[in-house]
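Residue 595 is where the sequence shown starts when you use this note's numbering, and the numbers rise one by one after that. Built from N, CA and C at the ideal position, the CB exists for glycine as well. Notes to accompany the following structure.
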Amino acid sequence: MTQAWVVLSRPDRRDVSAPSEAQLTAALSDVYGGKIHGPDGIPGSATLKFGYDDGLMYQVEVGQDGAVRYEEWSDRDCEIALATPRHMSCKQEDALQIWKWLAMRQVAKIRNQAWLSGD
595 MTQAWVVLSR
605 PDRRDVSAPS
615 EAQLTAALSD
625 VYGGKIHGPD
635 GIPGSATLKF
645 GYDDGLMYQV
655 EVGQDGAVRY
665 EEWSDRDCEI
675 ALATPRHMSC
685 KQEDALQIWK
695 WLAMRQVAKI
705 RNQAWLSGD
């Protein structure tokens, strides 16, 4: 049987399996507040990934300036992109909603957002 999983990669690069809504909110607060920087001094981003042990993976990365990137992959190793990455800018509360949809496996709602075209 295929097992689904959700992992949050925080701005400090620590991973949290099956994050709570409070953990998602805290990670986005760090990103939008610019509190966490990577080892190279660049402001951190956070990524929520949802996938299945034997297949598909979806991810939404949020950067400090509100830049959101949505990607669909054939597997956890990102071997084959299933679609062109989608981009948008949004407020923190909108990014949280997108993450909540991803955590609830509601990929269609994410696909239907007002994404910018091109990469």
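At what residues does the alpha helix (DSSP H) containing residue i begin and finish?
i      : result
THR619 : 615-627
GLN653 : Here GLN653 belongs to no alpha helix (DSSP H); instead the beta strand (DSSP E) covers 651-656.
ALA697 : 686-697
Return the first residue and the last residue of the beta strand (DSSP E) that residue i is part of.
i      : result
ASP609 : 609-611
LEU710 : Where LEU710 is concerned, there is no enclosing beta strand (DSSP E), given that its DSSP letter is neither H nor E.
GLU665 : 661-667
LEU602 : 598-603
Tell me which same chain residues have a C-beta within less than 7 Å of the C-beta of residue i, skipping the five on either side of it?
i      : result
ALA677 : GLU666
ARG670 : GLY645, MET651
Among the residues of its own chain, which have a CB less than 8 Å from the CB of residue i, if the five just before and after it don't count?
i      : result
TYR652 : LYS643, PHE644, GLY645, TYR664, GLU665, GLU666, TRP667, LEU696, VAL701, ILE704
Mapping DSSP to helix, strand and coil, what is residue i?
i      : result
ARG705 : helix
LEU642 : strand
ARG670 : coil
Excluding the 5 residues preceding and the 5 following residue i in the sequence, name in chain order all residues of the same chain whose CB lies nearer than 6 Å to its CB.
i      : result
TRP709 : ARG680, MET682
VAL610 : LEU602, GLN617
ALA598 : TYR646
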